[in-house]
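*Asks:* Take this structure, written in structure tokens, and hold onto it; I'll ask about it next.
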Amino acid sequence: MAAADVYCFGHVTTGVVLRLQGRYPAPDSYAEVAATLENHAGEATGTALVLARLGVSVALEGNWLGDNPACRRTLEFLQARGVDCTGLVVKPGYPGVTEVVVSDGESRTVFGRFVDLLFTTPQWDPPNVARARAARFVSVDPAFGAATAAVASAALEAGRPLATYDVRPDSALAAQSAVLAISMEFLRREYPEAARSDAIRAQLFADYLAHCPGLVVFTSGARPLWYGRGHAGAGDHRHELPVFPVEVIDTAGAGDSLRGGLIYGLLQGWSDDDTVRFAAAVSALICASAPGCVHAPAREQVQALLEAHGTRPLAFPLQPKQATQPATPA
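Okay, here's the thing in structure tokens:
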């Protein structure tokens, strides 16, 4: 079995997106459903779909799939998009991880059973750490307990760069990450004062840079991205990038696609500025389609968006470079 460029471990979800006509309704009121769309989602899945569409070989592992028509359609969809799914387990008698996303263009509300998935009995097989060691880049969802730790340890032992998201700055994952994306949703949950105050958020960003040796990105919906490269003593060195203006249809998958774009840029050997611009363009195109990462953009589409907004064309090497593993700060 050939080694994949990127090994992804985490959520693999089957579900539907209900696109509303107008805004999400108040309690005890009504909203018209404009479209009902089949979705194949989950953070690891979205990242894998984006990378595969960009021409990167990806191996995807994570929670079990249900032995039912809906989950089998997810498996078939992933395989048809070129994602290596040989490590995904179809579990007889298991219903699968399903979700319903209600989207009004400006917000999304997710209904699922993720507490059951993550905080009861494990509903996944141990990750194939040999595949993680053999990959050029490793991406892991942070919520899978011992499985997450095993993937991260394998990446560290093999000197493979690691991408993850939404972890605290003093966590072991942050200390190891070559790519760390922090969402506003995470800040609202874990650091509500930072979500309300730019000054407190800036202090928190500096804390992430001091703990994480890699590329740290804070997202904030339609507001500019914050990004910087962390290292000991990085202080509050921060760059900002306005998001690309697009007609937002569905924001589901924005974070998953951003991580995919960041991994792709680092595999190309691009600068942080070019990598973040490219990833932001990928994420914008995802938000301009529905559902989520099902319609991941090709490189030519991303280039067209960049050029339409005055960004110089990016050079795509014939073979992606090996991204480097940042040193863990003492």
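Residue numbers for the sequence shown follow our numbering, so the first one is 254 and each next one is one higher.
Just so it is clear, CB atoms sit at the ideal spot from N, CA and C, and this is done for glycine as well.
Does the distance from the C-beta atom of Ser430 to that of Leu415 stay below 8 Å?
*Replies:* Closer than 8 Å, so yes.
*Asks:* How many angstroms separate the CA atom of Thr289 from the CA atom of Arg449?
*Replies:* 34 Å
*Asks:* Tell me the DSSP bridge mates of Leu567?
*Replies:* For Leu567, DSSP records no beta bridge to any residue.
*Asks:* Assign Ser360 to buried or exposed, taking buried as 16 or more other Cβ atoms, counted over all protein chains shown, within 10 Å of its Cβ.
*Replies:* exposed
*Asks:* Taking C-alpha atoms, which residue in Phe330, Val309, His464, Leu538 lies nearest to Phe497?
*Replies:* Leu538
*Asks:* Counting only beta-carbon separations shorter than 8 Å, does Pro395 have a partner in chain B?
*Replies:* Structure shown: chain B not included; a single protein chain is present.
*Asks:* Compare the beta carbon distance of Val342 and Asp394 with 8 Å and say whether it is the shorter of the two.
*Replies:* no
*Asks:* Is the beta carbon of Ala434 sitting closer than 8 Å to the one on Thr472?
*Replies:* At a Cβ-Cβ threshold of 8 Å, Ala434 and Thr472 count as neighbours.
*Asks:* Between the segment 538 to 549 and the segment 502 to 520, do at least 3 Cβ pairs fall closer than 8 Å?
*Replies:* yes
*Asks:* On a Cα-Cα basis, can you pick out the residue from Thr266, Ala385, Glu500, Arg413 that is closest to Arg366?
*Replies:* Thr266
*Asks:* Tell me where the alpha helix (DSSP H) around Ala455 begins and ends.
*Replies:* 451 to 464
*Asks:* Is Glu410 buried or exposed, if buried means 16 or more other CB atoms sit within 10 Å of its CB?
*Replies:* An exposed status is given to Glu410, since fewer than 16 other beta-carbon atoms sit within 10 Å of its beta-carbon.
*Asks:* To the nearest angstrom, how far is it from the Cα of Glu296 to the Cα of Val353?
*Replies:* 15 Å
*Asks:* Within this structure, are the beta carbons of Val269 and Asn316 separated by less than 8 Å?
*Replies:* Cβ atoms of Val269 and Asn316: not closer than 8 Å.
*Asks:* For Val286, count neighbouring C-beta atoms within 10 Å of its own C-beta (all shown protein chains included) and say buried if the count is 16 or more, exposed if not.
*Replies:* exposed
*Asks:* For Ala255, does the three-state DSSP call read helix, strand or coil?
*Replies:* coil
*Asks:* Grab the span of the beta strand (DSSP E) containing Glu291 for me, first residue to last.
*Replies:* Counting along the chain, the beta strand (DSSP E) containing Glu291 begins and ends at 285 to 294.
*Asks:* Can you list, in chain order, the residues of its chain with a C-beta nearer than 8 Å to that of Leu571? Leave out the 5 residues immediately preceding and following it.
*Replies:* Note that Leu571 has pLDDT 48, beneath the 50 cutoff, so the model's placement of it is unreliable and the number below is only indicative. Once the five neighbours on either side are set aside, Leu571 has no close Cβ partner at all.
*Asks:* Let me make sure I understand the geometry here. Which of Leu302, Gly263, Ala568 has the alpha-carbon closest to that of Gly522?
*Replies:* Ala568
*Asks:* In chain order, what are the residue ranges of uninterrupted beta strand (DSSP E) at least 3 long that sit wholly in the segment 264 to 343?
*Replies:* The segment 264 to 343 is shown to contain whole beta strand (DSSP E) runs of 3 or more residues at 266 to 274, 285 to 294, 311 to 315, in chain order.
*Asks:* Roughly how many whole angstroms lie between the Cα atoms of Ser406 and Leu313?
*Replies:* 18 Å
*Asks:* Look up Ala487 in the DSSP assignment and say whether it is helix, strand or coil.
*Replies:* Its pLDDT being 48, under 50, Ala487 is placed unreliably by the model, and nothing is read from it.
*Asks:* Give the secondary structure of Glu500 by DSSP, where H, G and I count as helix, E and B as strand, and everything else as coil.
*Replies:* Coil, per DSSP.
*Asks:* List the whole-angstrom C-beta distance separating Arg334 from Ala305, where the pair is believed to meet the contact cut-off of C-beta under 8 Å.
*Replies:* 5 Å
*Asks:* Straight-line CA distance for Asn381 to Gly412?
*Replies:* 16 Å
*Asks:* So which of Val499, Glu500, His492, Ala541 has the shortest CA-CA distance to Val529?
*Replies:* His492
*Asks:* Between which two residues does the beta strand (DSSP E) carrying Thr351 extend?
*Replies:* 351 to 356
*Asks:* Can you find the residues in the same chain that come closer than 6 Å, C-beta to C-beta, to Val336, ignoring five residues on each side of it along the sequence?
*Replies:* Ala301, Ala305, Val311, Leu313
*Asks:* Please classify His562: does DSSP put it in a helix, a strand, or coil?
*Replies:* Three-state DSSP puts His562 in coil, outside helix and strand.
*Asks:* Could you compute how far the alpha carbon of Thr581 sits from the alpha carbon of Leu478?
*Replies:* The predicted model places Thr581 with a pLDDT of 46, which falls under 50 and marks its position as unreliable; any figure quoted below should be read in that light. Taking the straight line from one Cα to the other gives about 25 Å.
*Asks:* Our contact map puts Asp258 next to Ala396 with C-beta atoms below 8 Å; I'd like the distance itself, whole angstroms only.
*Replies:* Contact flag wrong, Cβ pair sits at about 24 Å.
*Asks:* So, at 7 Å on beta carbons, what are the nonlocal neighbours of Pro495 in its own chain, with the 5 sequence-adjacent residues on each side left out?
*Replies:* Pro477
*Asks:* At which residues does the alpha helix (DSSP H) containing Ser392 begin and terminate?
*Replies:* Careful: Ser392 lies outside any alpha helix (DSSP H), inside the beta strand (DSSP E) at 390 to 393.
*Asks:* May I have the straight-line CA-CA distance separating Pro466 from Arg326, to the nearest angstrom?
*Replies:* 39 Å
*Asks:* Apart from the five residues just before and just after His490, which ones in its own chain have a Cβ nearer than 6 Å to its Cβ?
*Replies:* Gly481
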